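Here the sequence shown stands for residues 1 to 187, where the numbers follow my numbering.
Ideal placement from N, C-alpha and C gives every residue a C-beta, glycine not left out.
All values derive from a computational prediction rather than experimental measurement.
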Amino acid sequence: IVPLVALSIILISNRIFTKAFEKVEEEVRFRLAALAQVAGRSIDGDAVDRIRFPADFLGDDYNAVAAELDALVNSGADPWNQRVFANITKLYNGMFYIMADYASSYGVLYPMPHAPFERYQAALATGELQRYEYTDADGTYLEAAAPVRSASGEAVAVLYVGSSKDDLELLQQDFRSEVTRDTAIVA
Numbered sequence: 001i002v003p004l005v006a007l008s009i010i011l012i013s014n015r016i017f018t019k020a021f022e023k024v025e026e027e028v029r030f031r032l033a034a035l036a037q038v039a040g041r042s043i044d045g046d047a048v049d050r051i052r053f054p055a056d057f058l059g060d061d062y063n064a065v066a067a068e069l070d071a072l073v074n075s076g077a078d079p080w081n082q083r084v085f086a087n088i089t090k091l092y093n094g095m096f097y098i099m100a101d102y103a104s105s106y107g108v109l110y111p112m113p114h115a116p117f118e119r120y121q122a123a124l125a126t127g128e129l130q131r132y133e134y135t136d137a138d139g140t141y142l143e144a145a146a147p148v149r150s151a152s153g154e155a156v157a158v159l160y161v162g163s164s165k166d167d168l169e170l171l172q173q174d175f176r177s178e179v180t181r182d183t184a185i186v187a
């Protein structure tokens, strides 16, 4: 009977955590969407539009926009923002390029050969928030993208914010391992 009880505890715990994990992931998606929506409206689109050449890296407009992005994620100082990133990308000659990023690690006109282009293009074309999951060689991410507008209302770039989905899945795996181990110890 003890093995049956232990197995039941493991199965029930995993079921409960799976449901809770789905809710956490949904909340992360909502938070990213809210950040993208607010930031897309508050970022100085005219400053973004003036960032056009690699020489603009760390110039006045770049620094102003990078500071806005950094403020958006509070420099990662809060536990809830430690894994969130924010970047601005522009479309040139059919390819998206990073124009500014929250950590100033990419520079200007950093090419993005592998990116969710259709989501960026939809944000530019429709002006609507895009929410999606994106996987590249570095991992899987939950992201949201919104247009950045100039003072005249023209969509000049796309702001995207994201967080690693891999981190959430590692948390889920750790929990399952702990429940299994702790249940085995008790049994």
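Residue i: which of the options sits nearest, CA to CA?
| i | options | result |
| --- | --- | --- |
| P113 | K165, A123, A125, G94 | G94 |
| N63 | V161, S105, V156 | S105 |
| Q130 | D138, L7, Q121 | Q121 |
| A33 | P54, A123, R52 | A123 |
| A146 | I88, A137, D166, G107 | I88 |
| I51 | F30, A66, G40 | A66 |
| T126 | Y134, A39, E133, E154 | E154 |
| R83 | F21, L142, V38 | L142 |
| R119 | K90, G107, A100 | K90 |
| Q172 | S13, F30, S8 | S13 |
| A55 | D167, A100, A39, P116 | A100 |
Tell me the DSSP bridge mates of residue i?
| i | result |
| --- | --- |
| F85 | G162 |
| L142 | E133, S163 |
| A157 | V148 |
By Cβ distance, which residues of its chain are closer than 7 Å to residue i, with the 5 residues on each side in sequence left out?
| i | result |
| --- | --- |
| Y110 | Y97, I98 |
| A36 | L129, A144, A145, A146, L159, Y160, V161 |
| D49 | S150, V156 |
| T189 | Examination of residue 189 is not possible in this model, given that the chain is present from 1 through 187 alone. |
So, at 6 Å on beta carbons, what are the nonlocal neighbours of residue i in its own chain, with the 5 sequence-adjacent residues on each side left out?
| i | result |
| --- | --- |
| F175 | F17 |
| A86 | L69, L72, V73, Y102, V161 |
Spatial neighbours of residue i within its chain, please: C-beta separation below 8 Å, excluding the five flanking residues on both sides.
| i | result |
| --- | --- |
| F53 | V108, L109 |
Taking one C-beta from the stretch 35-46 and one from the stretch 143-154 each time, how about it: are there three or more such pairs within less than 8 Å? Yes, the stretch 35-46 is in contact with the stretch 143-154.
Residue ranges of each beta strand (DSSP E) within the stretch 70-138, 3 or longer: If only uninterrupted beta strand (DSSP E) runs of at least 3 residues are considered, those enclosed by the stretch 70-138 are 84-92, 95-101, 130-136.
Does the structure place the stretch 51-59 close enough to the stretch 3-20 that three or more beta carbon pairs sit under 8 Å? Verdict: no, contact absent.
Minimum length 4: unbroken alpha helix (DSSP H) runs contained in the stretch 17-54: For secondary structure counted as the alpha helix (DSSP H) over 4 or more consecutive residues, the stretch 17-54 holds these complete runs in sequence order: 45-50.
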